[in-house]
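Take the sequence shown: its letters are residues 1 to 113, numbered as in the UniProt record's numbering. Each residue gets a CB set at the ideal place from its N, CA and C atoms; glycine is no exception. Here the structure is a predicted model, which means the values were calculated and not measured.
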Amino acid sequence: MNPITTMARAVADFFVNEEDERERIRQERIDQEARWRSNVNALENEKAGVESRLRITRDNAAALADALRRARVGEEHATLTIQLAEAQRDIARLEERVTAIDAQLDITRKAKP
């Protein structure tokens with residue numbers, strides 16, 4: 001092979017490799033963005049589920065509190081008191097989980113590629 005052909009082939013290979021590298025980097029960015037979006041969506045879905053459980057638990061706690069106000073002293077009153085305490089504990093736990101998810105969402109959103 002003559003030197004001019006060799007040089008031309010080397011230059012062509014260089015530009016092909018350069019274009020391949022640009023495409024690889026572009027695809028990597030697309031993949032990172034997709035993973036980031038997937039993480040944000042998963043956190044948002046988890047938060048929606050926890051908030052739904054929190055609303056239900058709050059509604060149940062309100063119903064228990066109403067029943068407790070109407071209950072006579074005795075076994076029923078004691079049972080409702082325990083159930084209300086458990087509901088309040090669950091509410092606190094769910095509120096903490098929502099706060100943790102919000103913090104993770106903030107961190108994840110700021111880390112957008």
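Contacts around residue i, its chain only, beta-carbon distance under 8 Å, and the 5 residues preceding and following it disregarded
i	result
I91	L54, T57, R58 and A61
T5	none
W36	T108, A111, K112 and P113
L43	I101, Q104, L105 and T108
Q32	P113
Short Cβ contact (9 Å threshold) for residue i with residue j
i	j	result
Q83	L105	no
I101	V50	yes
K47	V98	yes
Nearest-angstrom beta carbon gap, residue j and residue i [assumed within contact, 8 Å]
i	j	result
A71	L80	5 Å
Run of the alpha helix (DSSP H) containing residue i, from where it starts to where it stops
i	result
P113	That residue, P113, is in no alpha helix (DSSP H); it is neither H nor E in DSSP.
A48	P3 to R70
Own chain, CB closer than 6 Å to residue i, minus 5 neighbours either side, in chain order
i	result
A67	L80
Residue-chain proximity (residue i, chain C), Cβ-Cβ < 9 Å
i	result
R93	Absent here is chain C; the protein component of the structure consists of one chain.
Cutoff 7 Å; reference residue i; Cβ partners in own chain excluding five residues on either side
i	result
L94	V50, R53, L54 and T57
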